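Asker: Read in full-length UniProt numbering, the sequence shown has 393 at position 393, and its numbers run on one by one without any break.
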Amino acid sequence: MEENDSKANKATWNAWMSDVVLSCVMPYIEDPKDRDAVSLVCRRWFELDALTRKHITITASCTTTLDSLRRRFGHLESMKFKGKPRTTMFRSIPEDYMPPWVREIAENFNYLKSLHFVRMNVSDPALELLARARGSVLQVLKIDKCRGLSTDGLLHVGRFCRQLRTLLLEDSTIVEKDGQWLHELAMNNTALESLNFYMTNLGKVSVKDLELIAKNCSSLVSVKVSDFEVSDLVDFFRAATALKEFSGASFKAERENNCDIQFPPRLCSLGLLYMEKNEMPILFPFATSLRKLDLLFTFLDTEDLCVLIQRCPNLEILEARNVIGDRGLEVLAQSCKRLKRLRIEQGGDEQGLEDEEGVSEEGLITLAQGCLELEYLSIYISDITNEALECIGTYLNNLSDFRLVLLDREERITDLSLDNGVRALLMGCKKLRRIALYLRPGCLTDLGLCFIDHYRPNIRWKHLNIQDQWFS
């Protein structure tokens, strides 16, 4: 009898220890797929996952009910709502999709600190309800590529969400009635760390309110605005002493004092609009400190970009148009050995800035041989060869996300098919998790398509387009 009791006590002790150990480990398991796998082991692990999970992502097409979500994940601190993958598909999202979720959040998710809406219809009444019910605890609010709201809804956010550390509105369609929302935010918030209303066309906000936010929020490190003139932000830059990231201001007119602007001393990420060659010297004094540079909306030609990139040896993230050309990629490979993320978009040639050759396989080869730490590469290219893809597989061992768009500038592609190049890339880039290829007929055969699943079965997202034939 005593022996049985001893065994029972030992089993209870082992089970208790298992729970203690697992509850300590669980918070460090952040990947949703890993979490899902753990929760399927047994009922107890399912329960521990429910108790310790802090974040969940919900898609517009999900079948999860509000009640089951609340009962299973009662301690959520962060929620992300994702709409359709294309902004052109907004109409397929029910107009009344959000209100039930917002009401449920307002009433039951007491631990919630962070909300992120992506490509959703977010209404003013929903924002008001959310701000009034959760404004005292909400720290992060991201309204990303959304529509359906106006500045009236943002007014309630600025008035009631006084603990906000992050407010993101980037690329959202917002009906602008006035700029009072930013004034309310400036008057009521002292905790803000990141403010982003980039690409929103919100033009009625006052630069004085921006200055007040900089003065009141000592931890403000990131600001992305819609469309201020750089010369009007002198006092803001002077007040924002902790600022590390800034984007959105533009050079609209010839101003003599443009080159006299003093940026904050800690600034290491910058994106200025409509910058031309004459304004480039404004960056030179702190170019060596820059870690991120967004040049997508500048009027710089190939030579200008080469001059600027040479002065930024510590760049880790660069965004530019394909006007950068092969010469620009060569300079990048020689000067920026720490580069981790590169995005090269297609540039319009209405300003006569397009490089005659654009970016070709030669520039891609040079880039792969020089920037060995690249983790993300998205590029529009005029020609591609197996050799270029093989170089990526040989040298870019840290690459986890690769996206290539083959432009139709050239009448014929030099080297077809690209099956062997794709295979070499997949075999060499063992960390690859996301891949997108936009090619022409003949670039990839059925064998090449099979290589993707065979050599990299752990790819979580793939997107292939061969002349309007889609494979995902």
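Where is the CB? At the ideal position from N, CA and C, for every residue including glycine. On a predicted model such as this, the values are computed, not experimentally measured, just so you know.
#1: Write down the C-beta distance between Leu167 and Ser206 rounded to the nearest angstrom, noting that I regard them as a contact closer than 8 angstroms.
#2: If we count Cβ pairs, one from each stretch, closer than 8 angstroms, do we get three or more for the stretch 397-405 versus the stretch 374-389?
#3: Can you tell which of Ile143, Leu192, Val223 has its C-alpha closest to the C-alpha of Met163?
#4: In angstroms with no decimal places, state the Cα-to-Cα distance between Cys268 and Lys292.
#5: Restricting to Cα atoms, I'd like to know which of Leu315, Ile466, Gly347 is closest to Lys340.
#6: Whole angstroms is fine: what's the gap from Val38's alpha carbon to Asp49's?
#7: Quick one: grab the DSSP three-state call for Arg165.
#8: Expressed to the nearest angstrom, what Euclidean distance is found between the alpha-carbon atoms of Asn188 and Gly158?
#9: Considering just the uninterrupted stretch of the alpha helix (DSSP H) at Asp401, what are its terminal residues?
#10: Excluding sequence positions up to five away, which residues of its chain have a Cβ less than 6 angstroms from the Cβ of Phe388?
#11: Leaving out the 5 sequence neighbours to the left and right, which residues in its chain are closer than 6 angstroms to Ile392 when beta-carbon positions are compared?
#12: Going by the CB atoms, is the gap between Glu170 and Lys224 shorter than 8 angstroms?
#13: Closest to Pro264 by CA distance: which of Pro313, Asp227, Leu233 is it?
#14: Taking DSSP's pairing of strands, which residues face Lys82 in a bridge?
#15: Thinking Ile309 and Ser289 are a contact (beta carbons under 8 angstroms), I'd like their distance in whole angstroms, please.
#16: What three-state label does DSSP hand Asn201 in the structure shown?
#17: Nearest-angstrom Cα distance between Met275 and Ala287?
#18: Thinking C-beta only, is Glu211 closer than 8 angstroms to Phe251?
#19: Report the option in Arg266, Val405, Val175, Cys371 whose CA atom is closest to the CA atom of Ile384.
#20: Is it right to say Cys217 is buried, meaning 16 or more other beta carbons lie within 10 angstroms of its own, or is it exposed?
#21: Would you kindly work out how many angstroms separate the C-alpha atoms of Asp419 and Ile317, rounded to a whole number?
#22: Taking the straight line between their C-alpha atoms, what separation do you get for Ile452 and Arg423?
#23: Whole alpha helix (DSSP H) runs in the UniProt domain "COI1 F-box" (16-55) with 4 or more residues, listed along the chain?
#24: Taking Ile143 as part of the alpha helix (DSSP H), name the residues at either end of that continuous run.
#25: Rounded to the nearest angstrom, what separates Arg434 and Lys208 at their Cα positions?
#26: Here's a check: name, in chain order, each residue in its chain whose Cβ is nearer than 8 angstroms to the Cβ of Lys113, leaving out the five neighbours to either side.
#27: Since Ala191 is in the beta strand (DSSP E), which residue starts that stretch and which ends it?
#28: Do you know offhand how far Ser222's Cα is from Leu332's?
#29: Between which two residues does the beta strand (DSSP E) harbouring Leu273 extend?
#30: Counting only runs that start and end within the stretch 297-383, where is the beta strand (DSSP E) found for 3 or more residues in a row?
#31: Do His75 and Leu51 have their C-beta atoms closer together than 8 angstroms?
#32: For Arg456, collect the residues of the same chain with a Cβ closer than 6 angstroms to its Cβ; drop the 5 residues on either side in sequence, then sort them by chain order.
#33: Quick one: what does DSSP say His156 is sitting in, helix, strand or coil?
#34: With H, G and I counted as helix, E and B as strand and the rest as coil, what does DSSP make of Leu397?
#35: Using 8 angstroms as the threshold, is the C-beta distance between Ile466 and Cys443 below it?
#36: If you draw a straight line from the alpha carbon of Leu154 to that of Thr302, how long is it in whole angstroms?
Answerer: Let me lay it out:
#1: No, Leu167 and Ser206 are not in contact; Cβ-Cβ is about 17 angstroms, not under 8 angstroms.
#2: The stretch 397-405 makes contact with the stretch 374-389; the number of CB pairs closer than 8 angstroms reaches 3 or more.
#3: Note that residue 163 is Gln in the sequence shown here, rather than Met. Looking from the CA of Gln163, the closest CA among Ile143, Leu192, Val223 belongs to Leu192.
#4: Their backbone Cα atoms lie some 6 angstroms apart in a straight line.
#5: Checked all of Leu315, Ile466, Gly347; the closest Cα to Lys340 is Leu315.
#6: So the alpha carbons of these two residues sit roughly 8 angstroms apart.
#7: Assignment of Arg165 by DSSP, reduced to helix, strand and coil, places it in the coil class.
#8: Approximately 7 angstroms between the Cα atoms of the pair.
#9: Segment 401-406 is the beta strand (DSSP E) holding Asp401; no alpha helix (DSSP H) there.
#10: The sequence shown places Ala at residue 388, rather than the Phe named in the question. In the same chain as Ala388, and ignoring 5 residues on each side of it, the C-beta atoms closer than 6 angstroms to its own belong to Glu361, Leu364, Ile365, in chain order.
#11: Same-chain partners within the cutoff: Ala368, Leu425.
#12: Taking a C-beta distance under 8 angstroms as the contact criterion, Lys224 and Glu170 qualify as a contact pair.
#13: Of Pro313, Asp227, Leu233, the residue nearest in Cα terms is Leu233.
#14: Beta-bridge partners assigned by DSSP to Lys82: Thr59, Val118.
#15: That pair is no contact at about 15 angstroms.
#16: Correct three-state label for Asn201: coil.
#17: Approximately 15 angstroms, taken between the alpha carbons.
#18: Not in contact: Phe251 and Glu211 (Cβ atoms no closer than 8 angstroms).
#19: That would be Val405, whose Cα lies nearest to the Cα of Ile384.
#20: So Cys217 counts as buried.
#21: Near 30 angstroms, if we compare the C-alpha coordinates of Ile317 and Asp419.
#22: Looking at the backbone, the Cα of Ile452 and that of Arg423 are separated by about 7 angstroms.
#23: Within the UniProt domain "COI1 F-box" (16-55), the runs of alpha helix (DSSP H) that reach at least 4 residues and sit entirely inside it are, in chain order, 32-39, 43-52.
#24: For Ile143, there is no enclosing alpha helix (DSSP H); the enclosing beta strand (DSSP E) covers residues 140-144.
#25: When rounded, the distance between both Cα atoms is 43 angstroms.
#26: Once the five neighbours on either side are set aside, the close Cβ partners of Lys113 are Glu77, Ser78, Val137, Leu138, Gln139, Val140.
#27: Element bounds for Ala191: n/a, residue is neither H nor E.
#28: For Ser222 and Leu332, the distance between alpha carbons rounds to 26 angstroms.
#29: Membership of Leu273 in the beta strand (DSSP E) is indicated by the continuous run 269-273.
#30: Whole beta strand (DSSP E) segments, 3+ residues: 317-321, 341-345, 376-381.
#31: Cβ atoms of His75 and Leu51: closer than 8 angstroms.
#32: Leaving aside the five residues that flank Arg456 on each side, the residues in its chain whose CB is nearer than 6 angstroms to its CB run, in chain order, Leu426, Leu432.
#33: Looking at His156 - three-state DSSP - the assignment turns out to be helix.
#34: Correcting the residue identity first, residue 397 is Asn in this sequence and not Leu. Assignment of Asn397 by DSSP, reduced to helix, strand and coil, places it in the coil class.
#35: With contacts defined as CB atoms closer than 8 angstroms, Ile466 and Cys443 qualify as a contacting pair.
#36: Put simply, the backbone Cα of Leu154 is about 41 angstroms away from that of Thr302.
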